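Going by the UniProt record's numbering, the sequence shown opens with residue 1, and the numbers climb by one from there.
In this text, a Cβ means the ideal position worked out from N, Cα and C, and glycines have one as well.
Computed from a predicted structure; not experimentally measured.
Structure first, then comments.
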Amino acid sequence: MKNKYRILKIAITVIILGFLLSFSLKKFSGQKITDNKISVKMNEKTPVYFIDEKDIREIVKKENPSGKVGDLNIPALEKKINNLPAVDSANVYLNLNGKLNLDIKQRVPVFRLNKEGRDFYVDEKGIEFPISKTYSHPCMLVTGNVKKEEYEKLAELVEKIDNDDFSKKYFIGISKDRNGDYNLLTSEGNYKVEIGDLDNIDFKVKGFKAFVEKYLVYQDPEKYSMVSIKYQNQIVTTLNPNYKENDSILKAANIELAKAPVAVTKSAEPKPKAEVKKEIKKTGNPSKPKAAQARKTEKPTASKPKTKAKVKIE
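In C-alpha cells, the structure reads:
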C-alpha cells in the first residue's frame with residue numbers, strides 16, 4: 001500500500017512538472033526577439049568593417065520574420081552568417097531570458113592581391129574573399145600571378161614587414177614578375193628590391209637593412225633602378241639609366257667594353273704583284289749583273305710558282 005502511494009505521488013509530481021515545463025516553453029517560444037534582445041559582438045583584434053551590426057540584425061529579421069523565439073532556427077541562422085565571405089566564424093545562441101547572442105569574427109585582410117584582372121583580399125589563413133563596395137581596408141598591395149599555395153608564405157612576409165619598423169618604413173608593395181621572382185616596392189626612389197623566392201626572408205631583409213644603413217643613406221635613392229638581395233651573401237645593384245649623374249659611369253663602362261680585346265682570325269692572302277715588284281727591286285744587288293739576277297728569280301721555289309712578269313719588269 002505504501003509503495004503504491006509513493007508511486008502515485010511521484011507520478012503526480014512528474015505530471016505537474018511537465019505541465020509547468022510545457023507552459024514555460026510555450027510562454028518562452030512565444031516571446032518576441034526585439035532589437036534590445038539582440039546582442040551582436042565583433043571579436044576580431046584588428047577592427048574591420050566589412051559587415052556591421054545593422055547587417056546582422058537584418059539577416060536575423062529575414063531568417064525569422066515573425067520575430068518569435070519558437071520560430072527561430074538557430075543552426076540555419078548560424079550557417080547563413082558563416083557563409084558570408086567576410087566572416088571567419090559565427091556563434092549564435094539564446095539565453096534563458098530570450099536574449100539572442102551573436103558572436104562574430106570577421107576576416108582580417110593581410111594583403112590585397114591584383115591577379116589576372118581580379119582584385120581581392122587574402123587573410124592570414126590564405127583564404128580569398130572579395131573587396132567591399134563600402135569599405136576598403138588598409139593593407140599591403142600585391143600584384144602578379146601569385147599561386148594559392150604561396151598565399152600563406154606571402155602573408156607571413158607581409159606580417160613581418162608590418163611588425164618591423166624599418167621594413168614598414170621602406171616597403172609599400174610587393175610584385176611578382178614573369179620570371180617568378182618577388183620584388184619589394186619601396187617608398188624612397190624608384191628602385192625595387194629583388195628578393196627572389198619567399199625563403200630566408202629574415203636573412204634577406206637583414207642584408208638590405210645593412211646595405212641601407214652603411215651605404216644607401218649617403219646616396220641619392222634615384223641612383224638605382226634595382227637592388228637585388230636574392231643571392232646568398234651578396235647584394236647586386238642596377239644603376240638607373242635615367243639618372244643624370246649615372247651618365248659618366250655608364251659611359252665609362254661602355255668605353256671599357258669597347259677596349260676589350262677582340263680575337264680576329266686573318267686569312268693568308270697573296271701579296272699584290274706591285275708589292276712583289278718593289279721587293280724584288282729592293283732586294284736586288286746592283287753590283288751583280290742583270291743575268292745573274294734573272295737566273296736567281298727564275299729559280300723555282302716550293303711556295304711560289306714562276307712568273308715571267310717579274311723578270312720582264314726588272
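- By the beta-carbon neighbour count (other beta carbons within 10 angstroms, threshold 16), TYR170 is buried.
- In the structure shown, ARG112 adopts extended strand secondary structure according to DSSP, grouped into three states.
- Every unbroken stretch of the alpha helix (DSSP H) spanning 4 or more residues and falling wholly within the region 128–184 is given here in chain order: 151–163 and 165–170.
- Linking GLU222 to ARG112 through their CA atoms gives a straight-line distance of about 27 Å.
- Annotated as distal: CYS139 and VAL92, with beta-carbon spacing of 8 Å or more.
- The DSSP-derived three-state label of VAL205 is helix.
- For GLN106, the CB contacts under 8 Å within the same chain, skipping 5 residues up- and downstream, are MET42, GLU44, VAL48, PHE50, ILE51, ALA86, VAL87 and ASP88 in chain order.
- Distance from the CA atom of ASP165 to the CA atom of ILE38, rounded to whole angstroms, is 42 Å.
- DSSP, reduced to helix, strand and coil, places VAL212 within a helical segment of the structure shown.
- Beyond the five residues adjoining it in sequence on each side, ASP71 comes within less than 7 Å, by CB distance, of ASN64 in the same chain, given in chain order.
- Taking one beta carbon from each stretch, the region 125–145 and the region 72–79 have fewer than 3 pairs nearer than 8 Å; the two do not touch.
- Taking C-beta separations shorter than 8 Å and ignoring five residues to either side along the sequence, the partners of ILE235 in its chain run GLY207, PHE208, PHE211, VAL227, SER228 and ILE229, following chain order.
- DSSP, read as helix, strand or coil, puts ALA11 in helix.
- DSSP, reduced to helix, strand and coil, places ARG118 within a strand of the structure shown.
- Among the bridge pairs identified by DSSP, ASN233 is matched with none.
- In the same chain as THR186, and ignoring 5 residues on each side of it, the C-beta atoms closer than 8 Å to its own belong to TYR170, PHE171, ILE172, LYS192, VAL193 and PRO221, in chain order.
- ASN233 and ILE131 have their C-alpha atoms roughly 40 Å apart.
- For the 8 Å CB-CB criterion, ALA90 and ILE104 form a contact.
- A direct Cα-to-Cα measurement between LYS99 and ALA11 gives close to 34 Å.
- Exposed is the label assigned to LEU96, since fewer than 16 other Cβ atoms lie within 10 Å of its Cβ.
- GLU78: member of the alpha helix (DSSP H) spanning 74–82, first to last residue.
- The residue from ASP162, ASN163, GLU124 and TYR215 with its alpha-carbon nearest to that of LYS153 is GLU124.
- Boundaries cannot be given for ILE51, as no alpha helix (DSSP H) includes it and DSSP labels it neither H nor E.
- In the DSSP assignment, LEU100 falls within the beta strand (DSSP E) that extends over 100–106.
- In the three-state reduction of the DSSP assignment, GLU222 falls in the helix class, which pools H, G and I.
- For ALA90, the enclosing beta strand (DSSP E) has its first and last residue at 87–94.
- Apart from sequence neighbours up to five positions away, the residues of its chain that approach ASN114 with a beta-carbon distance below 6 Å are THR143, ordered along the chain.
- At least 8 Å separates the beta-carbon of GLY196 from that of ASP177.
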